[in-house]
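Notes to accompany the following structure.
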Amino acid sequence: MTDLPHPSQSSSSSSSTVIRTDGLTKVYGRVTAVDDVMLDVRAGDIYGFLGANGSGKTTTVRCLLGLVLPTSGSIELFGQAMPKRASSVLPRVGALVEGPAAYGHLSGRANLEMYDASGRAPSGPMGGGRRGRRHRAEEALSLVGLSAVGARPVRAYSLGMRQRLGLAAALMRRPDLLVLDEPTNGLDPQGIREIRELLLQLHAAGTTVFLSSHLLAEVEQLCTRIGLLDRGRLVLEEQLDVLRAPTGRTVVETVDVERAAELLGPAVEAREGERLLVRCDDPAAVNARLVGALVRVRQLGPERRTLEDVIDEHTRARAAEEVPT
Amino acid sequence: MKGVELVKLFGRRRTWVALLLLNLLPTVVAGTLAWTGIAPQPGSGPAFLSAVLADGSLFAIAALAIVLPLFLPIAISVVAGEAVAGEAQAGTLRYLLIRPVGRTRLLLRKLGAVVAFVLVAVLSVAGVGYVVGRLLLGRAPASGTLISLSGSTLTPADIAWRTAVAIAYVTVSMLGVAAMALFLSTLTDSPQAASLGAMAFLIGSSLLLTVDAARPLQPFLPTRYWLSFVDLYRDPVLWSNIERGVALQLVYLGVLLTAAWANFVTRDVTS
């Protein structure tokens, strides 16, 4: 991994919309894969696009990139309609869709150079056609930590190395928007950490990241906003720190459960073993009261919902709504 | 950038293996002819084989006649069937499209590479046939004359232009095969299915040509006029079937390429 030279900062302001879909719907035969989805991804987001397997994430991503044509609804990337304006929008986008792909008989470097050669040469700092190509490939390889194996045929790459190569191809032209579908698939923990750091680095340099994943931990550590897809519908779209804001309750863990419960009285809303949930948004006050009464507190803090709780709640609500047919 | 697809196609070992195998069969035939000196009776066996013992340079056209019914269309079906479906199967199609390469442009590039392969295949068979014929068969000087199928004598200049036209005619016939395989290649994500589909189409066509009851269909079958290039070696040239053959192939080309384009630009890429 090397440092990022000259970031490609998009000219758009920090609050402008990068991805917007309106009523995006895709029907395959009798199956509605994506149902009336309204996405709103803003410049500077690391947007976590969550959903179970088969919830329509990949179909949505393919629609965004113009690979799958929506049945109805509209898509805008950087304010321009897709797939109509694909030729002017997609040069600003780098993507990894449903796993990497490369020609097995060619080396990683040759794959990147061929990929670069198959489209128009980029403009800007990374510009230049044939002359800049070798340099761009080399830089992309070092960015993802593949320099040492760049000359080996892709056939001999491990799944993790292929994943990195796919990422290198997506990064090669310094996109303003990165669309990544399960980018850490097949990577070992060390690799996952490296990719996470790389994404944070790119984000700091001004890249908007749209990360589709079913790994909650990954999204929770990385993302600033969340979209949750459940059976084709977008059931939640919110800032992560709003979702994970304190719930207004304080969690107390103590060995003297009985005494603590007595002391706090009706403020105790729930009790699970040595754990009390107290209706009070000031943990310091609770702590002072308990310690003042010599209750031995083991742990104490504001209650925060985990992403898992939030997601459970939203998908369950939907399940209950459904009328069995 | 136009060269990318050519680099891809000719940078691949299997392309060269196909060309090698394509040239192997006529070479083997030339070898056995040279060794035994037994030529088929005039009018039987592949066209021109009876004449090559006298003039080896005629083996250029004889070699084409040998690979035309089966070997050449198979090689072309495989390469053209690979064009789009091969990228789909490898997963690289989606990355090409988001590079971005416009769908029409990508299809045109693929068509360009396939046409290049057809040209290389036809010319290499003719060229290798000429060299092998000169080396192994009739040592008559290249300026020797040929008794035309009509019985008169053709001058070397006659033979030269007729052979050039024959090569062009075979190329056009093979482009029909390429268009069929390319169309199927946009329909499926399996290159094997596209290649086999194109071959099935040709085998079906050849079979119907042997069935009398299918006579009303026969003028429209793609393989109907394939061997009509033999008419170029009559004196005077019998143009009628050659003209029909070219017209028929152009119709197939137009229809199949339009269908390939219409399908490819409107389809969901889910591979």
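Protein chains in written order, with the working numbering: chain Z, 1 to 325; chain W, 1001 to 1271. Cβ atoms here follow ideal geometry from the backbone N, Cα and C, with glycine treated the same way.
Original post:
How about V1017 of chain W and S118 of chain Z: do their beta carbons lie closer than 8 Å?
Top reply: Their beta carbons are not under 8 Å apart, which means V1017 of chain W does not touch S118 of chain Z by this criterion.
Original post:
Any C-beta of chain Z sitting closer than 8 Å to the C-beta of A1018 of chain W?
Top reply: A1018 of chain W does not count as touching chain Z.
Subject >> Inter-residue Cα distance where the pair is L1024 of chain W and F1059 of chain W >> reply: 14 Å
Subject >> DSSP bridge partner residues for A95 of chain Z (one or two, in chain order) >> reply: Z:V179
**OP:** If I'm right that L177 of chain Z touches R85 of chain Z with Cβ under 8 Å, what's the distance once you round it to whole angstroms?
**Re:** Contact flag wrong, Cβ pair sits at about 14 Å.
Original post:
Within 7 Å: the Cβ of Q190 of chain Z and any heavy atom of the ligand SAM?
Top reply: By its list of ligands, the structure shown contains no ligand whatsoever, and the ligand SAM lies outside what it can speak to.
Subject >> First and last residue of the uninterrupted beta strand (DSSP E) at K26 of chain Z >> reply: 17-28
**OP:** Could you pull the start and end residues of the alpha helix (DSSP H) that D241 of chain Z belongs to?
**Re:** 240-243
Original post:
Which partner residues of E308 of chain Z appear in the DSSP bridge assignment?
Top reply: In the DSSP output, where bridge partners are listed per residue, E308 of chain Z has none listed.
Original post:
Beta carbon of D230 of chain Z, beta carbon of V61 of chain Z: below 8 Å?
Top reply: no
**OP:** Tell me whether the beta-carbon of V1172 of chain W lies closer than 8 Å to the beta-carbon of V1255 of chain W.
**Re:** no
**OP:** Please state if the CB of L240 of chain Z and the CB of A225 of chain Z are separated by a distance shorter than 8 Å.
**Re:** Looking at the sequence shown, residue 225 of chain Z is not Ala but Arg. Yes. Within cutoff.
Original post:
What three-state label does DSSP hand T247 of chain Z in the structure shown?
Top reply: Strand, per DSSP.
Original post:
Hey, is S147 of chain Z's beta-carbon within less than 8 Å of any beta-carbon in chain W?
Top reply: Not one chain W Cβ lies under 8 Å of S147 of chain Z.
Original post:
Using a Cβ-Cβ cut-off of 8 Å (strictly less than) and excluding sequence neighbours within five positions of V295 of chain Z, which residues of its own chain qualify?
Top reply: So the qualifying residues of the chain are T254, D256, R259, A260, L263.
Original post:
What is the DSSP secondary structure of G1091 of chain W, reduced to helix, strand or coil?
Top reply: coil
Original post:
So, is E1279 of chain W buried or exposed, given that buried needs 16 or more other C-beta atoms within 10 angstroms?
Top reply: In the structure as shown, chain W begins at 1001 and stops at 1271. Residue 1279 of chain W is therefore absent and cannot be evaluated.
Original post:
For K1110 of chain W, which of W:E1082, W:L1119, W:Y1095 has the nearest alpha-carbon?
Top reply: Comparing Cα-Cα distances from K1110 of chain W to each of W:E1082, W:L1119, W:Y1095, the minimum goes to W:E1082.
Original post:
Leaving out five residues before and five after R275 of chain Z in sequence, what residues of the same chain have Cβ atoms less than 6 Å from its Cβ?
Top reply: Once the five neighbours on either side are set aside, the close Cβ partners of R275 of chain Z are E253.
**OP:** List the residues of chain W whose Cβ lies closer than 9 Å to the Cβ of V37 of chain Z, in chain order.
**Re:** Correct list: empty, because the minimum Cβ distance to chain W is about 17 Å.
**OP:** Compare the Cα-Cα distances from S213 of chain Z to each of Z:G48, Z:L90, Z:G150 and report the closest residue.
**Re:** Z:G48
Subject >> Residues that Y47 of chain Z bridges to, as DSSP identifies them >> reply: Z:F210, Z:R225
Original post:
Buried or exposed: L112 of chain Z, going by 16 or more other Cβ atoms within 10 Å of its Cβ?
Top reply: buried
Subject >> Those residues which DSSP pairs with G301 of chain Z across a bridge >> reply: Z:V251
Original post:
Beta-carbon separation of V1052 of chain W and L1137 of chain W under 8 Å?
Top reply: yes
Subject >> contact_flag[the segment 1179-1195 of chain W, the segment 1028-1043 of chain W] where n(CB pairs < 8 Å) is 3 or more >> reply: no
Subject >> Cross-strand partners of M82 of chain Z (DSSP beta bridge) >> reply: Z:I75
Original post:
Can you tell which of W:S1050, W:V1007, W:V1165 has the C-alpha that lies nearest to the C-alpha of W1239 of chain W?
Top reply: W:V1165
Subject >> Same chain only: Cβ atoms within 8 Å of L1217 of chain W, ignoring 5 sequence neighbours per side >> reply: L1208
Original post:
Comparing the C-beta of L229 of chain Z with each C-beta of chain W, is any distance below 8 Å?
Top reply: no
Subject >> Assigned secondary structure, V1017 of chain W (DSSP; H/G/I helix, E/B strand, else coil) >> reply: Note: V1017 of chain W maps to helix in three-state DSSP.
Original post:
Checking contacts by CB at 8 Å: is T1092 of chain W closer than that to chain Z?
Top reply: Interface residue, yes.
**OP:** Look at the alpha carbon of L1022 of chain W and the alpha carbon of M172 of chain Z, and state the distance between them as a whole number of angstroms.
**Re:** 40 Å
**OP:** Just the chain W side, please: which residues come within less than 8 Å of M114 of chain Z by C-beta, in chain order?
**Re:** V1004, V1007, K1008
Original post:
What are the boundary residues of the alpha helix (DSSP H) that includes L116 of chain Z?
Top reply: Per the sequence shown, residue 116 of chain Z should be read as Asp rather than Leu. Taken as a continuous stretch (DSSP letters only), the alpha helix (DSSP H) holding D116 of chain Z covers 108-117.
Original post:
How would you label W1226 of chain W, buried or exposed, when you count the other beta carbons within 10 angstroms and need 16 or more for buried?
Top reply: buried
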